[in-house]
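With the first letter of the sequence shown counted as 1, position 92 gets the number 91 in numbering that gives the first Met the number 0; the numbers rise by one all the way through. Even glycine gets a Cβ: it sits at the ideal position worked out from N, Cα and C.
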Amino acid sequence: MKISFVRVGVALSLGLANAAYAVDFSGHWVGSGQIIEVVPFVGTKTSPCARIEISIEHLTEKLTTKHYKADCGFVGPDWGPNVMEIRGTEVFEDDEKTGTLIDDTLLTLDASGGVQYAYNLRLKKPAEGQPEVLESYYGVKSMAGTIVIEGGLKRVP
């Protein structure tokens with residue numbers, strides 16, 4: 000399996016003009032998922048993530064990830080807060096465009112010091128009587144390889 004950030008870049012370049020604030024990502028989200036590690040000359044390894052936890056505050060012109068934490072064995076990203084400004088369907092961090100927020104999907108891609116970071120969210124509409132599911136995607140790509148953490152999270156009180 001080849002993990003690529005191309006799908007993120009392509010999605011970022013599409014100038015779709017749908018409503019930017021069609022969903023509310025606000026809340027404390029918890030669930031499980033998987034980690035995919037791609038290391039050059041070694042290969043791909045997929046293993047479970049026991050717990051992924053994201054706390055978000057979503058306002059009309061700002062989305063703040065207060066805290067992101069994942070327990071994926073020896074890999075455990077723990078970061079936040081991260082503030083993104085929303086201008087229409089475009090998302091900015093420190094006045095630099097890093098992504099889009101269109102309908103139910105946030106797509107971001109940022110580079111810093113030779114490392115690419117992707118942070119994507121999608122709030123799936125639930126089936127009748129089912130809770131909402133927040134699909135999360137957090138990826139880090141460098142010369143050492145790529146790590147992607149994907150999860151399906153539910154809002155908790």
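- Unbroken beta strand (DSSP E) stretches of 3 residues or longer found wholly inside the segment 52 to 102: 61 to 70, 81 to 86, 89 to 92, 95 to 101, given in chain order.
- By the C-beta density criterion, V38 is exposed, having fewer than 16 other C-beta atoms within 10 angstroms.
- Straight-line spacing of the CA atoms in P125 and N119 works out to 19 Å.
- Closest in alpha carbon position to K123, among M83, K153, R86, K61, is K153.
- For K124, the secondary structure class from DSSP, reduced to helix, strand or coil, is coil.
- V147 is positioned such that its CB atom lies no closer than 8 Å to that of Y116.
- Straight across, the Cα-Cα distance linking D102 with F73 is about 35 Å.
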